[in-house]
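Report on one structure; see the data block that follows.
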Amino acid sequence: MNGYYHITTYGCQMNVHESEKIAGILSDLGYKATEKIEDADIAVFNTCCIRENAENHAFGNIGMLKKLKTAKKNMIIAVGGCFTQQMGKAENLHEKFPYVDIIFGTHNLGKLKDYILKKQTVKKAVIEILEDDGKVYEEIKPLRTSYPNAWINITYGCNNFCTYCIVPYVRGRERSRRSADIINEAKELVALGYKEITLLGQNVNSYSNGTDDLSFPQLLEAIAGIEGKFRLRFMTSHPKDFSEELVKVISRNPKICKSVHLPVQSGSDVILKAMNRRYSSADYLNKVSMLKRYIPECTITTDLIVGFPGETDEDFIATLNLVKEVGFSSAFSFVYSKRDGTVAARMENQVDPEVSKRRIMELIATVNALTRSQSEKYVGTTVEILCEDYDNKKNMYLGRDEFGRMAYFRSEKDVIGEFVNVKINSASGISLTGEII
Ligand code: SAH
Ligand code: SF4
Ligand code: F3S
Numbered sequence: 058m059n060g061y062y063h064i065t066t067y068g069c070q071m072n073v074h075e076s077e078k079i080a081g082i083l084s085d086l087g088y089k090a091t092e093k094i095e096d097a098d099i100a101v102f103n104t105c106c107i108r109e110n111a112e113n114h115a116f117g118n119i120g121m122l123k124k125l126k127t128a129k130k131n132m133i134i135a136v137g138g139c140f141t142q143q144m145g146k147a148e149n150l151h152e153k154f155p156y157v158d159i160i161f162g163t164h165n166l167g168k169l170k171d172y173i174l175k176k177q178t179v180k181k182a183v184i185e186i187l188e189d190d191g192k193v194y195e196e197i198k199p200l201r202t203s204y205p206n207a208w209i210n211i212t213y214g215c216n217n218f219c220t221y222c223i224v225p226y227v228r229g230r231e232r233s234r235r236s237a238d239i240i241n242e243a244k245e246l247v248a249l250g251y252k253e254i255t256l257l258g259q260n261v262n263s264y265s266n267g268t269d270d271l272s273f274p275q276l277l278e279a280i281a282g283i284e285g286k287f288r289l290r291f292m293t294s295h296p297k298d299f300s301e302e303l304v305k306v307i308s309r310n311p312k313i314c315k316s317v318h319l320p321v322q323s324g325s326d327v328i329l330k331a332m333n334r335r336y337s338s339a340d341y342l343n344k345v346s347m348l349k350r351y352i353p354e355c356t357i358t359t360d361l362i363v364g365f366p367g368e369t370d371e372d373f374i375a376t377l378n379l380v381k382e383v384g385f386s387s388a389f390s391f392v393y394s395k396r397d398g399t400v401a402a403r404m405e406n407q408v409d410p411e412v413s414k415r416r417i418m419e420l421i422a423t424v425n426a427l428t429r430s431q432s433e434k435y436v437g438t439t440v441e442i443l444c445e446d447y448d449n450k451k452n453m454y455l456g457r458d459e460f461g462r463m464a465y466f467r468s469e470k471d472v473i474g475e476f477v478n479v480k481i482n483s484a485s486g487i488s489l490t491g492e493i494i
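Going by my numbering, the residue at position 48 of the sequence shown is 105; the numbering climbs one at a time, nothing skipped.
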């Protein structure tokens, strides 16, 4: 054994899964996981830069390690991910935190092992940020930490260039894994007993784009056809590519959860255009109607941004109206954050932070009211919950139904990884409480 590792992850589900790949690399090197960063011989920070606060959060935590590193000279600190991939940021990081030993980007996970081995022999920091080479690497095996849920990447990168978004700059162009590799991975996971598989990509609907025999709906259906009881989810769907063919596949395959994450961002056509989203609010609502026509019970979650440059009160009201009209079951609401290098960062009419603050509060209140009223409808019903974890504070098990609603319940025996029927007795906001029947 080489000692202990600790990984701190920021950002999206894709980063969470990437941390599982980092864990795979570290365990291959003989390191074992520890929950406590103070015990770590190698501490890895897998960063995000989607909004400024994601960056600040990481900076704060890396800053706090100085003391530990001074006391524990041989500890290796490595920082990678989307933040370091941004132009010039690796150098900034090195200047600000000279005690960071390894700095790598999003395109060099395959070389992390070499960096660690090198760092064990040299004194100075190992810094390398590679450019996107357009390739898909299959050799890094994740050490999964999320049983009974498992994530599978189907695409990497993004070609959409929404004007506010940094992802295409730090994750490179969209590329797809081979369907045969994806299907094999899914089969292995089901055989190992995983009960929920989530396919990941920035825009899963554009999977393959002609580079594979299967389109996204065909891939999804092929995975849904694997024997065994499990749930299948996917994220994220870009509304412009959300097709009727896909909806038909969701509707006819019971293993595919009847819940779709479909980020709308704004309800204003002016703002949607300025964001380069390539759909109008009417296009979005038409897709929602089409979805509800095939699958009336399907729930929809979304992402929303307030305070995009030029957003007026009318634009914001259009967003509130769309939110109410669709009746999202939940939503992630964000204040626009200016990202260097993006098109929107160069727009002149940036919104006053106070205005954005007022809008986000109102939006969150609107979304929460929708979530609450949908949760209340659960009381008295019985739902099938996939038990995912045990909450030590509440002394209860928890899990989600196919629509993603969280439920807490007690059980005599360990039911993590099992599907259980839970009668819902009460609802509070986003979560439910009930009893196994
Ligand atoms: N690929 C996905 C989402 C990726 S990022 C999609 O297109 O839907 C997740 C969410 O972060 C986005 O949906 C958006 O709502 C938000 N986001 C991205 N850039 C942002 C920025 N600069 N400021 C605020 N929110 C942002
Ligand atoms: Fe960013 Fe848009 Fe790509 Fe999503 S689709 S990752 S929001 S550029
Ligand atoms: Fe994800 Fe953040 Fe990168 S949201 S893709 S980790 S910028």
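Glycine included, C-beta positions come from ideal geometry on N, C-alpha and C.
Values in this document were obtained by computation on a predicted structure and should not be read as measured data.
- A direct Cα-Cα distance of roughly 43 Å separates cysteine 215 from glycine 437.
- Taking C-alpha positions only, tyrosine 465 is separated from glycine 474 by approximately 14 Å.
- Burial check for lysine 312: the Cβ neighbour count within 10 Å reaches 16 or more, so the residue is buried.
- The beta carbon of serine 323 sits closer than 6 Å to the beta carbons of Leu329 and Thr376 from its chain, once the five residues preceding and following it are set aside; these are given in chain order.
- In the assembly as shown, glycine 250 is an exposed residue. Its beta-carbon has fewer than 16 other beta-carbons within 10 Å.
- Proximity of the beta carbon of cysteine 105 to the ligand SF4 is not indicated: no heavy atom of the ligand is located closer than 7 Å.
- For arginine 288, the enclosing beta strand (DSSP E) starts and ends at 288–292.
- Judged by DSSP in its simplified three-state form, tyrosine 88 adopts strand.
- Straight across, the Cα-Cα distance linking tyrosine 264 with serine 272 is about 6 Å.
- In this model, valine 183 and threonine 268 are separated by some 36 Å (Cα to Cα).
- A residue is listed when its beta-carbon falls short of 6 Å from at least one non-hydrogen atom of the ligand SF4; in chain order these are Cys215, Asn217, Phe218, Cys219, Cys222, Val224, Pro225, Gln259, Asn260 and His295.
- With a contact defined as Cβ atoms closer than 8 Å, isoleucine 223 and threonine 399 qualify at about 6 Å.
- No heavy atom of the ligand SAH is found nearer than 7 Å to the CB of proline 366.
- Note on geometry: alpha-carbon atoms of threonine 66 and lysine 480 lie some 35 Å from one another.
- Counting only residues of its own chain and dropping the five nearest sequence neighbours on each side, valine 472 has a CB closer than 8 Å to the CB of Cys444, Tyr454 and Ile493.
- Beta-bridge partners of tyrosine 226 (DSSP): none assigned.
- Threonine 141 has no beta-bridge partner at all, per DSSP.
- In the same chain as asparagine 378, and ignoring 5 residues on each side of it, the C-beta atoms closer than 8 Å to its own belong to Gly324, in chain order.
- Distances from the CB of arginine 290 to the heavy atoms of the ligand SAH are all 7 Å or more.
- Arginine 228 has its Cβ nearer than 7 Å to a heavy atom of the ligand F3S.
- Residue environment: asparagine 206 is assigned as buried (16 or more neighbouring CB atoms within 10 Å of its CB, all protein chains considered).
- Look at proline 410: its beta carbon is at least 7 Å from all of the heavy atoms in the ligand SAH.
- If you keep only unbroken alpha helix (DSSP H) runs of at least 4 residues inside the segment 389–449, you get 410–433.
- CA-to-CA, the gap between lysine 198 and glutamate 253 works out to about 19 Å.
- Taken through DSSP and simplified to helix, strand or coil, arginine 350 comes out as helix.
- Set against 7 Å, the gap from the CB of asparagine 378 to the closest heavy atom of the ligand F3S is not smaller.
- As the crow flies, the alpha-carbon of threonine 91 is around 30 Å from that of isoleucine 239.
- Relative to the ligand F3S, the nearest heavy atom lies less than 7 Å away from the CB of glycine 138.
- Under the 8 Å Cβ criterion, the segment 280–293 does not count as touching the segment 412–429, having fewer than three qualifying pairs.
- Remark: the shortest separation between the CB of glycine 68 and any heavy atom of the ligand F3S falls under 7 Å.
- In this structure, the C-beta of methionine 71 approaches the ligand F3S to less than 7 Å from one of its heavy atoms.
- Judged by DSSP secondary structure, arginine 309 falls within the alpha helix (DSSP H) whose first and last residues are 301–309.
- In the three-state reduction of the DSSP assignment, isoleucine 82 falls in the helix class.
- Taking a cut-off of 8 Å on C-beta distances, the segment 411–418 touches the segment 356–368, as three or more cross pairs fall below it.
- In this structure, asparagine 262 keeps its C-beta atom at 8 Å or more from the C-beta atom of phenylalanine 287.
- A distance below 7 Å between beta-carbons, with the five flanking residues on each side excluded, links methionine 332 to the following residues of its chain, in chain order: Cys219, Thr220, Tyr221, Gln322, Ser323 and Phe365.
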